Structure formats: C-alpha cells, structure tokens
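Below is one structure; the comments refer to it alone.
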Ligand SMILES: C[S@@+](CC[C@H](N)C(=O)[O-])C[C@H]1O[C@@H](n2cnc3c(N)ncnc32)[C@H](O)[C@@H]1O
C-alpha cells in the first residue's frame, strides 16, 4: 500500500459542540482546520479537561459532565489509497493528528495482498474465505479503520445526524461500500430484527451499520489524561466487516493503537475455501447463553457449525480442525476477558507482580457481586458508580466492568451472564493462587469453583479432577508456575 508521507487533513473539518451548560473553550480550541494547527495544539489540550471537570467524580457524575462538556471534530484523513473518517473529542483529535506521521510510516510497511476472497456464506450473507492454505498463528490480513467514533458521547445534535455527517465525509466509493455492509435490521435469512427498547430512538441507517460491524478499540492516549475513558472508541474496518461470527472461530483479531492496525491471525490451520470466522462475544460454554447474547446484541440467530451441526458432527469437526484447550490444559480458555491480562501471560511474565491479576479479578468479582441488577436497570444512566480511576490497570478493570454492564443490559440473560462472569473470575482467582503455590487460598477458591460446577451439573470426571486438586494441590497443572517464572 502506498501512502503519502505527510497525511492530508480534509479542509472541511467540522466541529460539534454541546451548547448550554458546557464551559466554553477558548475559541482557538473549538475547531481545527489544518494539520499545522492541530499539531501545534497537540497534547497541550489536556489541561482544559482538568479545568472543566474535577478528577474526583464518581463514574455517574463523570458521565454527566462528560456528556455536558465534550466538543467534537469530524475529520477525514487521506492516505492516498485509503481514507479514515473520525468523529473525535477535540483534544483526542489533536493527539491523533500528532500521531499521524508515525501512523503513515507504519502503513508503508504493511502487506496489501491477502489470501482471502469475499463471497456468499449461505445463511450468513457474505463472508470471507481463504484462497490458499493458512498456517496456525499466521497473519491472515491487516486492516486500517475507515471510521472511528467515541464509544459514548454527548452531542447537542442527534447522534444520527453526526453519524450521517461522519459517514458522508468518506469518499463516494467508500461510502458505497459502507452502505452495502450488513445491518442488524437487514433481511438476511439468518438475521432477525433486533427488538427495540421503546424508550430509545430507532438507530439510523449509519448507526445501525456501526452497531453491526464495528469493534471496540482504544486509541493511544497518554495515561495522564484526566478522563481515560476518552480513549475508548468504536472502529469500523472494511475487511473485518465481512468476517462472520463462529462459536468455534478459526481466527482472532488484535488491535495496535500505536499504528491504528487491526491484525487478524489464524487460531488453527485454515484450508483453502474454508470460511474465516471470528468470535463477536466471549465464548461462554453454554450455547443457549451465547445465542441469546448474539441475538440481543447483534440481532441474528447464530447459524455457525457449533450451533447448528448435530453434537457428534461438532465433536468430529472440532477434533479435526480446532485445537480447543480444556480447563485442565489451558488457563487462558477460562480467561474470558483478555482485557485485564491473560492468565498465561501473567504466569510467565516476571515483571507482572504477583497481585496484578489476582487483584484485578477480585476487584471485578466484588463489583459484580455488589451490583444490583434492578437498580442498574432502573437507573437513568446504565452505569454503576465506580471508584476513581487511578492507573492504567484500573482503567482496564473499568473497561472490563463497562463491558459486563453492557451485557447486563441486553436482555433477560443478564442474571445468567453475571453468574457466569462471577464463576469465571472465581476460577481465575483459584488458578492464580495455584500458580503462586498458596495452598490454603488455592483450596478455598478451588472449593468454590467445584461447588459452582457441581451446581451446574458437572459430570463425574470434573468432580474427580477437582477432588484430586483439593487433596493434593501440587497436582494442579499450574502449581507454583508463577514462582518458577522468576
Ligand atoms: C460484521 S457482519 C459480517 C458480514 C455479513 N455477513 C455481510 O453480509 O456483510 C455481521 C452480520 O453478519 C451476519 N452473521 C455473522 N455471523 C453470523 C452467524 N454466525 N450466523 C448468522 N448470521 C451471521 C449477521 O447478519 C450479522 O449482523
């Protein structure tokens, strides 16, 4: 891919502010019309937030002030072959503009040919298929965001209008492509309309496209910015938008905020002609729960092999194609949330403190246990009051909690989701104590895990494994592994 060494910022940069109670910004900060001006303002924009919103607010206060005080800029960045349209808080926009030269040079080094083609995928609409064999762990494709928008924002004008401005700032051929993407209301055979919450306005066409096709990404924002949640965005990628979901995916994506690069890698060998699939959700073991979440959050009935093939065929399919680790052989399989830090990474990384993962999961567990679903549902803001965010780690825990809150608000499956999340955290805490070689705590927590599994009807084999670990903790596969990492 050839790119301009110096990106051109669209001269028609627009600015949206929320009038009324918002503290006015100095006029020079209100809108940026050139790269030079944006680069000059850069990181110096952050103190504005300190003046406007104190740092000691609860999350609910913060969300209110956030919605009152944000000022947004719509920009397009042309990299010759590709255009990115963004709607960003203006300080974040300044920061991003500063990063563009570095991002441009990373774009130059990226491959542009990938072993895949887009074609019909039966009941799922279009899908991406391998055009040559792909080895496990290798990169399938790299993608650059075409649209970036904040995860939450407060605007004076309706979001639908802002989204229309945003999408329509893309070049015509890109806009045509975006308009062809699947929407949750689209009439795919496998898709049903998402039940609408009556109090919420119907999402506009572009909002719906964003909802159906975007993923959550963080931008690379300095950690001392007063509102770390400002780094949380949603991004739409053209190639990723043609990847369907599977409950037994053969690929996964990762995001590099430094270079704005999405990389999709193979989880196992993929044969020519095989569909490339990713997972849109954490892979809970309960298929009914997975299907409910997909239906509530994405509006479709999952028709992946895992959900539709008869059990014996799924087993066969799995044993030949997917190397799925089980609880006893791979701790990361129970780490449904890689945002905090995967268990294996913590275990083997001597620079990560003993308490790092343990405290993160205990904290998340506390919040889950303390959460009152009813008050959450009836609250005008669908967010709990969270303690102040102090560090990058707190921010990750908070992000995790927001993700959980999202799941609590998507329908009747909420209680199940909370219970499932509690079980997963409990498991990881037990595993951490095992990896630290702490006999007493390991026994206490593993007993809780066993109890949860038994109450869910775990079979005799599972009970035998747990009894073995309780009787002899050193038989736990990760026993003392963290201590050995030093
Ligand atoms: C990101 S798009 C994927 C590409 C899409 N199939 C297309 O035609 O552009 C997500 C949409 O694809 C469909 N889809 C993805 N995975 C599916 C699955 N496992 N079962 C049924 N429909 C699926 C749903 O309509 C979903 O809203």
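Numbering (the UniProt record's numbering), first residue to last: 1 to 486.
For glycine and all other residues, C-beta sits at the position ideal for the given N, C-alpha and C.
Everything numeric in this text was worked out from a predicted model, so none of it was measured.
Legend entry - Proximity test, residue 289 beta-carbon vs ligand 1 heavy atom, cut-off 7 angstroms: Residue 289 Cβ: outside cutoff for every heavy atom of ligand 1.
Inset, instruction - Give me the Cα-Cα distance between residue 216 and residue 308, rounded to the nearest whole angstrom. - result: Spanning the alpha carbons of residue 216 and residue 308 requires a straight line of approximately 28 angstroms.
Inset, instruction - Evaluate residue 292 with the Cβ neighbour count: other Cβ atoms within 10 Å of its Cβ, from every protein chain shown; 16 or more gives buried, anything less gives exposed. - result: With a threshold of 16 other beta carbon atoms within 10 Å, residue 292 meets it and is buried.
Inset, instruction - Ignore the nearest five residues each way along the sequence and tell me which others in residue 298's own chain have a CB closer than 7 angstroms to its CB. - result: The residues 184, 212, 280, in chain order, have a CB closer than 7 angstroms to that of residue 298 in the same chain once the five nearest residues on each side in sequence are set aside.
Legend entry - Neighbourhood of residue 175 by C-beta, 8 angstroms cutoff - its chain only, sequence neighbours within 5 removed: The beta carbon of residue 175 is closer than 8 angstroms to those of 167, 168 in its chain, skipping five residues each way along the sequence.
Legend entry - Distance between residue 476 and residue 432 (C-alpha atoms, nearest Å): Answer to the nearest angstrom: the Cα atoms are 11 angstroms apart.
Legend entry - Reference residue 103; option with closest CA among 126, 114, 93, 79: Ranking the options by Cα distance to residue 103, first place goes to 79.
Inset, instruction - Use the C-beta contact count for residue 233: other C-beta atoms within 10 angstroms, 16 or more gives buried, fewer gives exposed. - result: Counting Cβ neighbours within 10 Å, residue 233 comes out buried, since at least 16 surround it.
Legend entry - Cβ contact check for the stretch 112 to 130 and the stretch 242 to 252: 3 or more pairs under 8 angstroms: Because the criterion of three Cβ pairs below 8 angstroms is met, the stretch 112 to 130 and the stretch 242 to 252 touch.
Inset, instruction - Alpha carbon to alpha carbon, how far is residue 70 from residue 165? Give it in angstroms, no decimals. - result: Each residue's Cα considered, the two are about 18 angstroms apart.
Legend entry - residue 168 - DSSP class collapsed to helix/strand/coil: In the three-state reduction of the DSSP assignment, residue 168 falls in the helix class.
Legend entry - Through-space distance from residue 467 to residue 450, alpha-carbon basis: In a straight line, the C-alpha of residue 450 is about 8 angstroms away from that of residue 467.
Legend entry - Beta bridge counterpart(s) of residue 252 as assigned by DSSP: Bridge partners of residue 252: 265.
Inset, instruction - Sort 437, 288, 303, 258 by Cα distance to residue 354 and report the nearest one. - result: Residue 437 holds the alpha-carbon nearest to the alpha-carbon of residue 354 among 437, 288, 303, 258.
Inset, instruction - In angstroms with no decimal places, state the Cα-to-Cα distance between residue 482 and residue 358. - result: The C-alpha of residue 358 is placed about 12 angstroms away from the C-alpha of residue 482.
Inset, instruction - Return the chain-ordered list of same chain residues with a C-beta closer than 7 angstroms to the C-beta of residue 249, the five sequence neighbours on each side being excluded. - result: A distance below 7 angstroms between beta-carbons, with the five flanking residues on each side excluded, links residue 249 to the following residues of its chain, in chain order: 267, 277, 278, 279.
Legend entry - Pick from 423, 440, 456, 346 that is closest to residue 484, judged by C-alpha positions: Taking each of 423, 440, 456, 346 in turn and checking the Cα distance to residue 484, the smallest one comes out for 346.
Legend entry - Residue environment, residue 488, which counts as buried when at least 16 other CB atoms sit within 10 Å: Since the first and last residues shown for the chain are 1 and 486, residue 488 lies out of range.
Legend entry - Three-state class that DSSP yields for residue 110 in the structure shown: Coil at residue 110, not helix or strand.
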